[in-house]
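*Asks:* Just so you know, we're using the numbering used here here: the sequence shown kicks off at 1 and counts up by one.
Ideal Cβ positions, reconstructed from N, Cα and C, are used throughout, including at glycine.
Structure in structure tokens, see below.
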Amino acid sequence: MDRRSFIRNATAVAGVLSATSAMAAPAIAQGLKEIRMVTTWPRGFAGLGSAAQRIADRITLISGGRMKVQLFAADEMAPAFGVFDAVSTGKAEMYHGAEYYWDKKHKAYPFFTTVPLGMTAHEIEAWVHFGGGQELWDELAAQFGLKCFLAANTGVQMGGWYQTPITTLEEIKNLKIRMPGLGAEVIRRLGGEAIAIPAGEILEALKSGKINAAEWIGPWNDREFGLHRVLKNYMFPGFHEPGTALSLGINKKFWDSLKKDEQEIIKASCSAENSIMIAEFNARNGEALADLLTNHGVKLHIYPKPVWAEIARVSRDVVNEIGATDDISRRILQSWTDFQKSVSEWQQISDISYIAYRSLTSRR
Numbered sequence: 001m002d003r004r005s006f007i008r009n010a011t012a013v014a015g016v017l018s019a020t021s022a023m024a025a026p027a028i029a030q031g032l033k034e035i036r037m038v039t040t041w042p043r044g045f046a047g048l049g050s051a052a053q054r055i056a057d058r059i060t061l062i063s064g065g066r067m068k069v070q071l072f073a074a075d076e077m078a079p080a081f082g083v084f085d086a087v088s089t090g091k092a093e094m095y096h097g098a099e100y101y102w103d104k105k106h107k108a109y110p111f112f113t114t115v116p117l118g119m120t121a122h123e124i125e126a127w128v129h130f131g132g133g134q135e136l137w138d139e140l141a142a143q144f145g146l147k148c149f150l151a152a153n154t155g156v157q158m159g160g161w162y163q164t165p166i167t168t169l170e171e172i173k174n175l176k177i178r179m180p181g182l183g184a185e186v187i188r189r190l191g192g193e194a195i196a197i198p199a200g201e202i203l204e205a206l207k208s209g210k211i212n213a214a215e216w217i218g219p220w221n222d223r224e225f226g227l228h229r230v231l232k233n234y235m236f237p238g239f240h241e242p243g244t245a246l247s248l249g250i251n252k253k254f255w256d257s258l259k260k261d262e263q264e265i266i267k268a269s270c271s272a273e274n275s276i277m278i279a280e281f282n283a284r285n286g287e288a289l290a291d292l293l294t295n296h297g298v299k300l301h302i303y304p305k306p307v308w309a310e311i312a313r314v315s316r317d318v319v320n321e322i323g324a325t326d327d328i329s330r331r332i333l334q335s336w337t338d339f340q341k342s343v344s345e346w347q348q349i350s351d352i353s354y355i356a357y358r359s360l361t362s363r364r
């Protein structure tokens with residue numbers, strides 16, 4: 001083979017080898033990202049689990065597969081209450097959960113899920129996006145190597161399931177209730193016992209007698225869990241969770257490594273789920289409640305006003321005390337309090353007054 005032929009053949013072979021090497025390169029080397037999302041929810045669980053799955057699928061689809069999100073349900077990669085640490089340490093890139101589960105990490109976390117007698121779903125979304133909440137959340141989460149976004153909301157929750165309805169404050173002292181977050185602290189101060197139990201363990205805890213009352217979310221999800229098969233007295237409204245925001249937590253180093261368009265895809269996917277999930281809960285809860293009352297012997301009970309008044313008083317104390325924790329807690333509480341006051345005044349003359357007047361003329 002002459003020198004020119006050798007060079008031509010060698011160049012051709014090198015080109016083939018280069019193309020083959022590119023095809024065989026790992027996905028990350030071609031700009032693809034394998035993302036692990038751990039969740040606090042059981043696999044396939046209606047509402048919360050499906051919301052997490054929709055976010056994972058939406059990110060994968062909108063990115064054209066450049067970001068492939070694989071969802072791991074509770075206990076598949078990390079325990080339900082262990083997803084915070086899994087993402088903070090980089091074992092996983094994302095979690096879907098509720099920030100009030102992390103109150104042992106920092107007492108101010110519940111403000112980014114819900115607090116007793118706090119804001120509704122629309123109000124907390126307004127605070128986070130337009131009232132300075134996101135900036136404070138960023139500052140808090142950065143202490144743990146995280147970046148977080150609102151990523152769904154259940155709306156106003158029910159007050160829970162009881163052996164007998166609560167009619168006096170004295171009856172709260174007999175409770176052993178499944179309740180997380182600051183609502184649990186309110187129950188404790190009123191003399192009851194509150195236990196944070198992961199979603200998948202609630203029914204068994206009721207059956208075993210570990211607890212004698214439980215709150216989960218509302219008619220749709222509570223029926224899915226079968227709580228009505230153990231208890232029949234259903235109380236409302238849920239003082240502890242007036243608008244429960246869920247969140248997508250992202251490892252901060254991973255977030256910072258993403259391109260701008262990739263970050264926007266994640267943000268948009270979270271925002272979309274906020275709208276979809278609250279719509280789904282509003283659609284499903286009415287049907288589920290009617291079924292529980294009509295076909296399963298469930299009875300509704302509203303908290304008596306004297307009981308509610310004392311719950312409200314203790315709730316305000318519990319929430320306000322968080323502000324004494326440290327400087328960021330003080331600033332979060334102040335921002336949250338100021339915004340709730342301003343938005344509540346508008347709600348009184350908008351949604352609340354409209355719904356009240358609509359009920360006067362509604363046709364059955």
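Measuring straight from C-alpha to C-alpha, what distance separates N295 and L360?
*Replies:* Whole-angstrom Cα-Cα distance: 28 Å.
*Asks:* Per DSSP, what are the beta-bridge partners of W161 in this structure?
*Replies:* Beta-bridge pairing links W161 to A214, Y234.
*Asks:* For I278, I'd like the list of residues in its chain whose CB is within less than 6 Å of its CB, leaving aside the five on either flank, ordered along the chain.
*Replies:* Closer than 6 Å at the Cβ level, and outside the excluded window around I278, lie A121, N153, G155.
*Asks:* State yes or no: is the C-beta of L117 within less than 8 Å of the C-beta of R66?
*Replies:* No; because the gap between Cβ atoms is not below 8 Å, this pair is not in contact.
*Asks:* Specify, as a first and last residue, the run of the alpha helix (DSSP H) that N282 falls within.
*Replies:* Looking at the DSSP string, the run of the alpha helix (DSSP H) that includes N282 is 260–295.
*Asks:* Just verifying my parser: in three-state terms, what is the DSSP assignment at A309?
*Replies:* A309: helix per DSSP, three-state reduction.
*Asks:* Using only CA atoms, which one of R54, F72, R36 lies nearest to A272?
*Replies:* Minimum Cα distance to A272 is reached at R54.
*Asks:* Take V319 as the anchor and find which of I59, P198, H240, W41 has the nearest alpha-carbon.
*Replies:* Checking every option, the nearest Cα to that of V319 belongs to H240.
*Asks:* Could you compute how far the alpha carbon of D327 sits from the alpha carbon of V230?
*Replies:* The alpha-carbon atoms of D327 and V230 are separated by roughly 45 Å.
*Asks:* So what's F144 in DSSP terms, helix, strand or just coil?
*Replies:* DSSP places F144 in coil when its eight states are reduced to three.
*Asks:* Sort N233, G90, P304, G47 by Cα distance to R36 and report the nearest one.
*Replies:* R36 has its Cα closest to that of G90, out of N233, G90, P304, G47.
*Asks:* Locate the beta strand (DSSP E) running through I177, then write down its first and last residues.
*Replies:* That run of the beta strand (DSSP E) goes 176–178.
*Asks:* Would you give the residue range spanned by the beta strand (DSSP E) that E201 belongs to?
*Replies:* Unbroken run through E201: none, as it is neither H nor E.
*Asks:* Would you mind listing the beta strand (DSSP E) stretches within the segment 334–363 that are 3+ residues and don't spill past its ends, in chain order?
*Replies:* If we require 3 residues or more, the segment 334–363 turns out to have no beta strand (DSSP E) run fully inside it.
*Asks:* Kindly list the residues whose CB is nearer than 8 Å to the CB of Q334, restricted to its own chain and excluding five residues on each side of it in sequence; keep chain order.
*Replies:* Within the same chain, Q334 has close Cβ partners G323.
*Asks:* Could you give the distance in angstroms between the alpha-carbon of V87 and the alpha-carbon of R358?
*Replies:* For V87 and R358, the distance between alpha carbons rounds to 46 Å.
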